[in-house]
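Visitor: In the working numbering, the protein residues as written are 1 to 152.
Here a beta-carbon is modelled for each residue, glycine too, at the ideal position from N, C-alpha and C.
Computed from a predicted model, the values in this text were never measured in an experiment.
The following block contains the structure, expressed as structure tokens.
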């Protein structure tokens, strides 16, 4: 099966992106809709991974400051290869934008493995959708995709 990575416009692809994220985050992970869709959607870069039927099987969002979020992958496609390709493409888009540091809001249970991989904590622990999180950052040149899977 072949895949295609693309950078897409939120306004032109909103319904398709919402459909995927609702399946993954709202239905599967019980994230409330009012939290899942926010003001960052309109101003962020959106990356999609399409299968050979042109169906979005994965997506990710990248803010101008290098914040990676809303990484959604349909359950049957959650493989290391899919995540590696998605995050590698995300980093290439970030580099094109001039981003020097990648970041994401890590759930606290996974914080230790990312600290070992070269990330550092920035800011205080906060709650999002009832889950304790903390922003973790890494210089873009040191970024590795090996530890990543689902990122809200």
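Less than 8 Å between the C-beta atoms of residue 46 and residue 85, yes or no?
Guide: For the purposes of this step, residue 46 is taken as residue 46 along the chain shown, with counting starting at 1. For the purposes of this step, residue 85 is taken as residue 85 along the chain shown, with counting starting at 1. Not a contact, by the Cβ cut-off of 8 Å.
Visitor: Report the partner residues of residue 1 according to the DSSP bridge assignment.
Guide: Taking the first residue of the chain shown as position 1, residue 1 is located at position 1. Note: residue 1 sits in no beta bridge, so no partner.
Visitor: Based on DSSP bridge pairs, tell me the residues matched to residue 24.
Guide: Translated into positions along the chain shown, residue 24 becomes position 24. The partner list for residue 24 (beta bridge, DSSP) is empty, contrary to what the question assumes.
Visitor: Using a Cβ distance threshold of 8 Å, determine whether the segment 74-82 contacts the segment 126-142, with at least three qualifying pairs required.
Guide: Contact between the segment 74-82 and the segment 126-142 is absent, because fewer than three Cβ pairs lie under 8 Å.
Visitor: If we count Cβ pairs, one from each stretch, closer than 8 Å, do we get three or more for the segment 52-68 versus the segment 1-21?
Guide: The segment 52-68 is in contact with the segment 1-21.
Visitor: On the premise that residue 44 lies in contact with residue 21, defined as a C-beta separation below 8 Å, what is that separation, rounded to the nearest angstrom?
Guide: Walking along the chain shown from the start, residue 21 turns up at place 21. Walking along the chain shown from the start, residue 44 turns up at place 44. Actually they do not touch by this definition, with Cβ atoms about 13 Å apart.
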